[in-house]
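Report on one structure; see the data block that follows.
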Amino acid sequence: MANGPYWDHVKGYRKVSLEHPENVFFLTYEEMSVDIVDVVKRLANFLGYPFTEKEEAEGTVNEIVKLCGFKNLSEVNKHGLNNVFFREGKVGDWKNYLTDEMSRTLDEITEEKFKGLDISFPI
């Protein structure tokens, strides 16, 4: 990894997000996949620009979710230079790339690195 182990970055940001929740908005890809509308609302609140009742009633949140969704962004990105960053956009897609042994090794490292932190990856 270019700038150090992934786990150390996640652990550091998680700790800071707990110590200074007003400065760091921490979430996981899995969390977004469970309820993206809620995540977008929480992000807007975090940034100090919560949605009004009128905006919510008019579907503004859902429109933002649609515009920023994987399907739309991967289509837009086909015309750019970063298409390497888009694969399937599905939670658990790693199963198509890792062996069972690799998965167990990563699970062990992740459990060790995140021990004592409230980090979960809901599906």
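With the numbering used here applied, the sequence shown corresponds to residues 11 to 133, in that order.
All residues carry an ideal CB built from backbone N, CA and C; glycine is no exception.
Every value quoted in this text rests on a predicted model; they were computed, and no experiment measured them.
Measuring CB atoms only, is the region 115-131 touching the region 15-26, in the sense that at least three cross pairs come out at less than 8 Å? yes
Cβ pair residue 47, residue 20 closer than 7 Å: no
So the candidates are 15, 63 and 100; which of them puts its Cα closest to the Cα of residue 81? 100
Taking the alpha carbon of residue 69 as the point to measure from, which residue in 83, 57 and 51 has its own alpha carbon closest? 51
Let me know the secondary structure DSSP gives residue 128 once reduced to three states. coil
Under 7 Å Cβ to Cβ from residue 36, same chain only, skipping five residues before and after it: list those, please. 23, 24 and 27
Whole-angstrom distance between residue 117 and residue 107, CA atom to CA atom: 15 Å
Considering only their Cβ atoms, is the gap separating residue 61 from residue 71 smaller than 7 Å? yes
Give the range of the alpha helix (DSSP H) segment to which residue 2 is assigned. Only positions 11 to 133 of the chain appear in the structure, and residue 2 is not among them; the question remains open.
What would DSSP say about residue 133, mapped onto helix, strand or coil? Note that residue 133 scores 43 on pLDDT, short of 50, meaning its location in the model is unreliable and no value can be drawn from it.
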